[in-house]
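S.K.: In the working numbering, the protein residues as written are 407 to 660.
1. Quick one: using the 10 Å Cβ neighbour count with 16 as the cut-off for buried, is residue 521 buried or exposed?
2. How is residue 454 classed by DSSP in three states: helix, strand or coil?
3. From residue 614 to residue 624, what does the alpha carbon distance come to, in whole angstroms?
4. From the DSSP output, in three-state form, read off residue 533 for me.
5. Give the C-beta separation of residue 501 and residue 534 to the nearest angstrom, bearing in mind that I take them to be a contact with Cβ-Cβ under 8 angstroms.
6. Can you name, in chain order, every residue of its own chain whose Cβ lies under 6 angstroms from the Cβ of residue 627, other than the five neighbours on each side?
7. Go through its chain and collect everything with a Cβ distance to residue 558's Cβ below 8 angstroms, but skip five positions before and after it.
8. Jot down the residue ranges of each uninterrupted beta strand (DSSP E) in the region 569 to 652, minimum 3 residues, whole runs only, in chain order.
9. How is the alpha helix (DSSP H) around residue 500 delimited, first residue to last?
10. Can you name the residues that DSSP bridges to residue 474?
11. Restricting to Cα atoms, I'd like to know which of 582, 646, 605 and 596 is closest to residue 528.
12. Which residues does DSSP pair with residue 419 in a beta bridge?
13. I want to know whether the region 449 to 468 touches the region 576 to 585 - three or more CB-CB distances under 8 angstroms.
14. Determine the direct distance from the alpha carbon of residue 611 to that of residue 485, and round the result to whole angstroms.
15. For the 8 angstroms Cβ check, are there 3 or more pairs between the region 435 to 445 and the region 508 to 515?
16. Bridge partners for residue 539 per DSSP, in chain order?
17. CB-CB under 7 angstroms to residue 449, same chain, minus the five flanking residues each way: which ones, in chain order?
18. Would you mind giving the Cβ-Cβ distance between residue 669 and residue 561, rounded to the nearest angstrom? I have them listed as a contact below 8 angstroms.
19. Do residue 432 and residue 463 have their C-beta atoms closer together than 7 angstroms?
20. Tell me residue 432's beta-bridge partners as DSSP assigns them.
21. Answer yes or no: do residue 469 and residue 643 have a C-beta to C-beta separation smaller than 7 angstroms?
22. One question on the structure: do residue 537 and residue 503 come within less than 7 angstroms of each other, judged by their Cβ atoms?
23. Just how far apart, CA to CA, sit residue 491 and residue 619?
24. Under a three-way DSSP split, which group does residue 448 fall into?
25. Can you tell me which of the three DSSP states residue 438 falls into?
26. Applying the criterion that 16 or more other CB atoms from any shown protein chain within 10 Å of the CB defines a buried residue, is residue 586 buried or exposed?
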């Protein structure tokens, strides 16, 4: 049960190759998320557990969870500083850094399209174009009143960032069509702030230490975004969180 007035959403930090060892890590297989709109659906697949994978791609650094927008203005900001040390060079961890993913399902209860601006903060690193950051909007091909007829989600990139920044701040214009629920998905990646090599001698070899920082945040959701006619779609949010065995993202809407 979700308390009346609460604003839930899904959030998690996907491991990619920043978790160098173990199952579920990946590099180029799912594309360049900040720039390739044809690969955007993979992010929602993994975050909402609506996919067909077994051990491929699904390893999370911070497990996907139900989170809540906080405060009277409507804010949620996650940030974490971390280091990894290896007896050798493992540059793949910052070539394919952690992916912070969050999705808010927003419902338009009116009979007119509504355009709003959403504000966000984050981090980004892109030495190989597999980092970066982006804000995306997924729109179903039918309305909530005809939810059984929804068969696909059309994605639009409303903000794209392909450089490196430890303190990224931006905004994007979002259109919420009349009678529909859209998925607003923010993606950010870990920023590499240090890479050092310590020589341990002939027998021990070299030790490489990587310092990284990741941030993901949205703000002013209550005060600036959720005006009359717009609300968080709690039903779709809980359905995505609870993973009822779905094999495609559009089925979250059905």
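Where a beta carbon is used, it is the ideal one built from N, C-alpha and C, also for glycine. Predicted model, so just to flag it, every value in this text is computed and none were measured.
M.R.: Taking the geometry as given:
1. For this step, residue 521 is matched to residue 115 along the chain shown. The residue is exposed, with fewer than 16 neighbouring Cβ atoms inside 10 Å.
2. Counting from 1 along the chain shown, the entry for residue 454 is found at position 48. Residue state, collapsed to three classes: helix.
3. Indexing the chain shown from 1 puts residue 614 at position 208. Indexing the chain shown from 1 puts residue 624 at position 218. So the two alpha carbons sit approximately 34 angstroms from each other.
4. Residue numbering aside, residue 533 sits at position 127 when the chain shown is read from its first letter. In the structure shown, residue 533 sits in coil (DSSP, three-state: anything other than H, G, I, E or B).
5. Walking along the chain shown from the start, residue 501 turns up at place 95. Walking along the chain shown from the start, residue 534 turns up at place 128. Sure, about 5 angstroms apart at Cβ, within 8 angstroms.
6. On the chain shown, residue 627 is found 221 positions in, with the first residue counted as 1. Result list for residue 627: 475 and 480, in chain order.
7. The residue you call residue 558 lines up with position 152 of the chain shown. Cβ neighbours of residue 558 beyond the five flanking positions: 546, 547 and 656.
8. 571 to 582, 587 to 595, 597 to 605, 612 to 625 and 636 to 638
9. Counting from one through the chain shown, the residue named residue 500 turns up at place 94. First-last of the alpha helix (DSSP H) with residue 500: 498 to 501.
10. As a position in the chain shown, residue 474 is number 68, starting the count at 1. Residue 474 pairs with 414.
11. Taking the first residue of the chain shown as position 1, residue 528 is located at position 122. Taking only the C-alpha atoms, the option nearest residue 528 is 596.
12. Counting from one through the chain shown, the residue named residue 419 turns up at place 13. For residue 419, which the question treats as bridged, DSSP gives the partners 468 and 506.
13. no
14. In the chain shown, the residue the question calls residue 485 occupies position 79. In the chain shown, the residue the question calls residue 611 occupies position 205. C-alpha separation (whole angstroms): 33 angstroms.
15. no
16. Against the chain shown, residue 539 aligns to sequence position 133. Residue 539 is bridged to 567.
17. On the chain shown, position 43 is the one that residue 449 refers to. Around residue 449: 439, 507, 591 and 593.
18. Residue coverage of the chain in this structure runs from 407 to 660, which leaves residue 669 outside it and unanswerable.
19. For the purposes of this step, residue 432 is taken as the residue at position 26 of the chain shown. For the purposes of this step, residue 463 is taken as the residue at position 57 of the chain shown. Contact flag set, yes.
20. Against the chain shown, residue 432 aligns to sequence position 26. Partner(s): none; residue 432 has no beta bridge.
21. Position 63 of the chain shown, counted from the start, is the residue given in the question as residue 469. Position 237 of the chain shown, counted from the start, is the residue given in the question as residue 643. In this structure, residue 643 does not lie closer than 7 angstroms to residue 469 by Cβ.
22. Counting from one through the chain shown, the residue named residue 537 turns up at place 131. Counting from one through the chain shown, the residue named residue 503 turns up at place 97. Yes.
23. On the chain shown, residue 491 is found 85 positions in, with the first residue counted as 1. On the chain shown, residue 619 is found 213 positions in, with the first residue counted as 1. In a straight line, the C-alpha of residue 491 is about 15 angstroms away from that of residue 619.
24. Taking the first residue of the chain shown as 1, we reach residue 448 at position 42. Helix, per DSSP.
25. Position 32 of the chain shown holds residue 438. Coil.
26. Here residue 586 refers to the residue found at position 180 when the chain shown is read from its first residue. Burial call: buried.
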